[in-house]
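In the order they appear, the protein sequences are chains Z and L. Just so you know, the first sequence maps onto residues 1 to 315 in the UniProt record's numbering. Just so you know, the second sequence maps onto residues 1 to 315 in the UniProt record's numbering.
2 protein chains.
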Amino acid sequence: MNDIIEAIKNNQSFVISSHKSPDGDSIGSCIALGLALKRLNKTVTYVMEYAPEKFRFLNEITNFNDHYTSLQNYDVGLFLDCSNIEHLHNSSLLDNCDMSINIDHHISNTKYGNLNFIDTCASATGEVIFELINKLNVPLEKEMSAALYTAIVTDTGNFKYSNVTSRTHYIVSKLYEVPNSYSDINTIIFDEHSYEKIKLIGKGLSNLYITKDNKVSIILLTLDDLRNISESVDLEGIINYARDIRGVEVAVFIKETNKNTFRVSFRSNTNFDVSRLAAYYGGGGHMKASGCTIEGITSDQIIKDIIDQIEKDLK
Amino acid sequence: MNDIIEAIKNNQSFVISSHKSPDGDSIGSCIALGLALKRLNKTVTYVMEYAPEKFRFLNEITNFNDHYTSLQNYDVGLFLDCSNIEHLHNSSLLDNCDMSINIDHHISNTKYGNLNFIDTCASATGEVIFELINKLNVPLEKEMSAALYTAIVTDTGNFKYSNVTSRTHYIVSKLYEVPNSYSDINTIIFDEHSYEKIKLIGKGLSNLYITKDNKVSIILLTLDDLRNISESVDLEGIINYARDIRGVEVAVFIKETNKNTFRVSFRSNTNFDVSRLAAYYGGGGHMKASGCTIEGITSDQIIKDIIDQIEKDLK
Chain Z
1 MNDIIEAIKN NQSFVISSHK SPDGDSIGSC IALGLALKRL NKTVTYVMEY
51 APEKFRFLNE ITNFNDHYTS LQNYDVGLFL DCSNIEHLHN SSLLDNCDMS
101 INIDHHISNT KYGNLNFIDT CASATGEVIF ELINKLNVPL EKEMSAALYT
151 AIVTDTGNFK YSNVTSRTHY IVSKLYEVPN SYSDINTIIF DEHSYEKIKL
201 IGKGLSNLYI TKDNKVSIIL LTLDDLRNIS ESVDLEGIIN YARDIRGVEV
251 AVFIKETNKN TFRVSFRSNT NFDVSRLAAY YGGGGHMKAS GCTIEGITSD
301 QIIKDIIDQI EKDLK
Chain L
1 MNDIIEAIKN NQSFVISSHK SPDGDSIGSC IALGLALKRL NKTVTYVMEY
51 APEKFRFLNE ITNFNDHYTS LQNYDVGLFL DCSNIEHLHN SSLLDNCDMS
101 INIDHHISNT KYGNLNFIDT CASATGEVIF ELINKLNVPL EKEMSAALYT
151 AIVTDTGNFK YSNVTSRTHY IVSKLYEVPN SYSDINTIIF DEHSYEKIKL
201 IGKGLSNLYI TKDNKVSIIL LTLDDLRNIS ESVDLEGIIN YARDIRGVEV
251 AVFIKETNKN TFRVSFRSNT NFDVSRLAAY YGGGGHMKAS GCTIEGITSD
301 QIIKDIIDQI EKDLK
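This is the structure we're talking about:
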C-alpha cells in the first residue's frame with residue numbers, strides 16, 4: 001500500500017470512479033476516500049453512475065458526475081471496488097489519467113491498474129479505504145465515517161455474511177468513535193421499503209408453495225400480480241423469504257416477465273448445486289445462487305417442472 | 001466490579017438465573033458466565049426457564065434446570081439481565097443463596113442484589129459478562145464466544161439499534177478472534193422462520209392498509225387468517241413490515257384474538273407518542289411502542305376508528 005500512499009502524496013488532481021450500478025460499498029468507499037483527499041487539499045472529481053436513492057443521505061453524492069464528454073486529464077485515477085475494466089462505469093477514463101490505481105477486495109480482480117491493491121480478506125473495499133485513510137493520517141470525520149459504515153454494512157449484509165472478520169468489527173468500532181446516527185443509517189439502508197414493495201412481498205408470500213417434505217419452496221409472481229406495479233420496484237430479496245424457511249434446501253423465485261416467459265432464481269441452503277439446475281434450463285450461476293429464463297410454459301406447469309427436476313437430484 | 005470478582009474467586013457453588021421468558025441476551029450471558037465459572041472449577045447450576053428452540057445450538061442449554069422443588073443452597077446466586085425480583089424466573093432462589101449478585105444493563109434495575117453491577121451504557125448484559133470473564137482471566141472458548149455473540153446480536157437487533165456503541169463492535173471483534181460460524185448463528189437467530197409464519201406474514205401483508213398520505217399503515221390478522229395456525233407461531237416482528245414503509249409515521253398491528261376482540265400494537269417512527277394512543281384505548285407502553293386490547297367492534301370498524309384517532313393527533 002506504500003506505493004499508493006506515495007502516489008497520492010505526490011500528485012494533485014484525482015478522479016475517483018467505480019463499477020456500473022454502484023452499491024453501498026462502491027459509493028461509500030469513493031466518498032470516504034474523496035473526502036480524505038480533499039482534506040489533503042487535493043482536487044477531486046467523482047465520475048460515478050447515478051446513486052440509488054437510499055444512499056442520498058451521504059451529501060457528497062451531490063458532487064458525483066455522470067458525464068462522459070467533459071473529462072479532463074487527471075494525475076491519478078482511483079478505481080475502487082471494480083474487478084475489471086469492462087465493469088467500470090466509464091472505462092475511457094483510464095485514458096485521461098497519467099496513473100491508474102485499482103483498489104478492491106474481489107478475488108476476481110484482473111489487476112488492471114498501474115498500481116493495484118487487492119485485499120481479498122476484506123469484507124468490503126471500505127475496509128481497505130479505512131486503512132488507506134489511516135495511513136494518510138487524515139482523521140475520520142462524520143461523513144467519511146458514515147460512508148465507510150455504509151460500505152461495510154452493505155457488503156456484509158449488516159454483519160451477517162461469512163466474509164465478516166474480527167477486523168471488520170474492529171474497524172466499525174473505530175467508526176463509532178466518530179459520533180453519528182449509525183442506527184438511522186442502518187434503517188435507511190436495510191429497512192425502508194416502498195408500500196408497493198411490501199404489498200408485492202405479501203402477494204409473493206400468498207403464492208408461496210412448499211413441497212410436503214419442506215425441502216423446496218417456491219415464490220411465484222405472475223403478470224397479474226405485477227400489474228400496476230412500477231418497474232422500479234426492486235424485487236431483490238423476495239427469494240430470501242423462501243430460502244429462510246426452516247428445513248428448506250432449495251428456494252426458487254419465479255417472476256413472469258412476459259406471457260408464459262419466466263425469469264427464475266435459485267438459492268441453495270445445502271450442498272445441492274443450483275448452478276446445475278440453472279444450466280439444465282440454459283442459465284448459469286454459482287452452487288448457492290443461480291438463475292435462468294424459462295419460456296413456453298404456464299405458471300402451473302413451471303412449478304411442477306422445476307420441482308420434478310430438483311427432486312430428481314435431491315434423491 | 002472488583003467486589004464481584006472477589007466474591008466469585010472466594011466461593012465454590014454458584015446458581016445462575018435470569019428473567020422469565022429468557023431471550024438471547026439472558027441465555028447467552030448465563031451460559032458464557034457459567035462456562036467461565038466451570039473453567040475456574042466452580043460448581044454451576046443454571047435455573048432457567050425453557051429456552052426458545054432457536055437458541056438450542058448452544059449446547060450448554062441442555063444443562064438448564066427449570067425445577068422449583070429441588071433447590072439446594074448455594075454460596076452465590078448470579079442474577080443476570082433481570083431488572084427486578086418480580087421478573088426473576090424463580091424469585092425464591094434468592095433465599096437459597098448466601099449472597100446474591102445482580103448484573104444487568106437495564107436502567108430500570110432495582111439493585112436487589114447484595115452486590116449490584118448495572119452498566120446502562122452496555123447494549124446487552126453480554127457486554128458486561130465479556131468484561132467480567134476478561135477480568136476473571138478466563139480465556140474465551142468457542143461456546144462462550146457464541147453465547148456472548150448471541151447475547152449482543154439479540155439485544156442490538158443485529159447491530160441495528162441506537163444502543164450500539166464503539167465498545168459493542170470492539171467486543172464482537174474480540175469474539176471473532178475465537179473461530180466459530182458466527183454467520184450461521186446469525187442466520188439461525190434472525191432468518192429462520194417456519195413455513196406457517198411466512199404464510200402468515202403473506203396474509204398480513206395482503207391485508208395491509210395504508211392511508212392516502214402514507215402516514216398510517218395497518219396490518220390486520222383476523223380469526224379467519226389465524227385458523228389452523230399453531231398458537232406457537234411467533235407473530236413478533238410482523239408490525240415491522242408496516243413500520244418500515246417509507247413515509248409511515250405510525251404503524252399498527254391488529255390481531256383478532258376472539259370474535260370482535262382485538263390485540264393491538266402501535267409503533268411510532270416519529271415524535272408521535274403512541275403511548276397516548278394506547279392509553280386512549282385503556283392500554284399502555286412507551287412513546288415509540290405501545291399496545292392495547294379493543295373489544296366489541298368489527299374488523300372494518302376498528303381500522304376506521306384507529307385511523308380517526310391517529311389523524312386527530314397527527315393534525
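No residue lacks a Cβ here, since even glycine has one placed at the ideal position from N, Cα and C.
Anything in chain L within Cβ reach of residue i, meaning under 7 Å, just list it in chain order.
i	result
residue 202 of chain Z	202, 205, 206 and 208
residue 213 of chain Z	Correct list: empty, because the minimum Cβ distance to chain L is about 11 Å.
residue 198 of chain Z	205, 208, 241 and 245
State the Cα-Cα distance for the pair residue i and residue j, rounded to the nearest angstrom.
i	j	result
residue 192 of chain Z	residue 147 of chain L	30 Å
residue 56 of chain Z	residue 87 of chain L	44 Å
residue 181 of chain L	residue 61 of chain L	18 Å
residue 289 of chain Z	residue 225 of chain Z	24 Å
residue 187 of chain L	residue 39 of chain L	29 Å
residue 317 of chain Z	residue 266 of chain L	One cannot answer for residue 317 of chain Z here, as it falls past the ends of chain Z, which runs 1 to 315.
residue 184 of chain L	residue 54 of chain L	12 Å
residue 312 of chain L	residue 214 of chain L	15 Å
residue 82 of chain L	residue 233 of chain L	26 Å
residue 66 of chain Z	residue 5 of chain Z	27 Å
residue 230 of chain Z	residue 145 of chain L	46 Å
residue 13 of chain L	residue 63 of chain L	15 Å
residue 59 of chain L	residue 143 of chain L	8 Å
residue 99 of chain Z	residue 219 of chain L	56 Å
residue 304 of chain Z	residue 199 of chain L	20 Å
residue 37 of chain L	residue 137 of chain L	11 Å
residue 166 of chain Z	residue 157 of chain L	19 Å
residue 239 of chain Z	residue 285 of chain Z	15 Å
residue 241 of chain L	residue 293 of chain L	21 Å
residue 177 of chain L	residue 105 of chain Z	21 Å
residue 272 of chain L	residue 274 of chain Z	47 Å
residue 168 of chain L	residue 7 of chain L	26 Å
residue 97 of chain L	residue 17 of chain L	12 Å
residue 94 of chain L	residue 48 of chain L	14 Å
residue 372 of chain Z	residue 102 of chain Z	The structure shown does not extend to residue 372 of chain Z, since chain Z is modelled only from 1 through 315, so no value can be given for it.
Going along chain L in order, which residues have a C-beta closer than 8 Å to the C-beta of residue i?
i	result
residue 246 of chain Z	192, 193, 194 and 195
residue 177 of chain Z	166
At 8 Å on the CB atoms, spell out the chain Z contacts of residue i, in chain order.
i	result
residue 186 of chain L	159 and 160
residue 149 of chain L	Chain Z residues near residue 149 of chain L: none, gap ~10 Å exceeds 8 Å.
residue 170 of chain L	169, 170 and 173
residue 183 of chain L	160, 161, 162 and 164
*Can you find at least 3 beta carbon pairs, one from the region 151-169 of chain L and one from the region 124-132 of chain L, that sit closer than 8 Å?*
With the cut-off at 8 Å, the region 151-169 of chain L and the region 124-132 of chain L touch.
*Stretch-stretch touch, CB-based, cutoff 8 Å, three pairs: the region 25-43 of chain L with the region 286-299 of chain Z*: Contact between the region 25-43 of chain L and the region 286-299 of chain Z is absent, because fewer than three Cβ pairs lie under 8 Å.
*asked:* Please give the ranges of any alpha helix (DSSP H) in the UniProt domain "DHHA1" (231-311) of chain L, keeping only runs that are unbroken, at least 4 residues long and fully inside the region.
replied: Complete alpha helix (DSSP H) runs here, min 4: 238-243 and 274-280.
*At least 3 beta-carbon pairs within less than 8 Å: the region 111-120 of chain L vs the region 14-30 of chain L*: Result no; under three Cβ-Cβ pairs closer than 8 Å.
*asked:* Can you confirm whether the region 152-172 of chain L touches the region 29-39 of chain L when touching is taken to mean that 3 or more C-beta pairs between the two stretches lie within less than 8 Å?
replied: They do not touch, by the three-pair rule.
*Specify whether the region 206-213 of chain Z and the region 256-275 of chain Z touch according to this definition: at least 3 beta carbon pairs, one from each stretch, less than 8 Å apart.*
Short answer: they don't touch.
*Report the residue ranges of all alpha helix (DSSP H) runs contained in full by the UniProt domain "DDH" (14-152) of chain Z; include only those spanning at least 4 residues, in chain order.*
Those alpha helix (DSSP H) runs which fall completely within the UniProt domain "DDH" (14-152) of chain Z and span 4+ residues are 24-39 and 125-135.
*Pairing CB atoms from the region 73-91 of chain Z with CB atoms from the region 104-118 of chain Z, are three or more of them under 8 Å?*
A contact exists between the region 73-91 of chain Z and the region 104-118 of chain Z.
_Segments assigned alpha helix (DSSP H), at least 4 residues, entirely inside the region 158-184 of chain L_ = Scanning the region 158-184 of chain L for uninterrupted alpha helix (DSSP H) segments of 4 residues or longer gives 166-175, listed from N- to C-terminal end.
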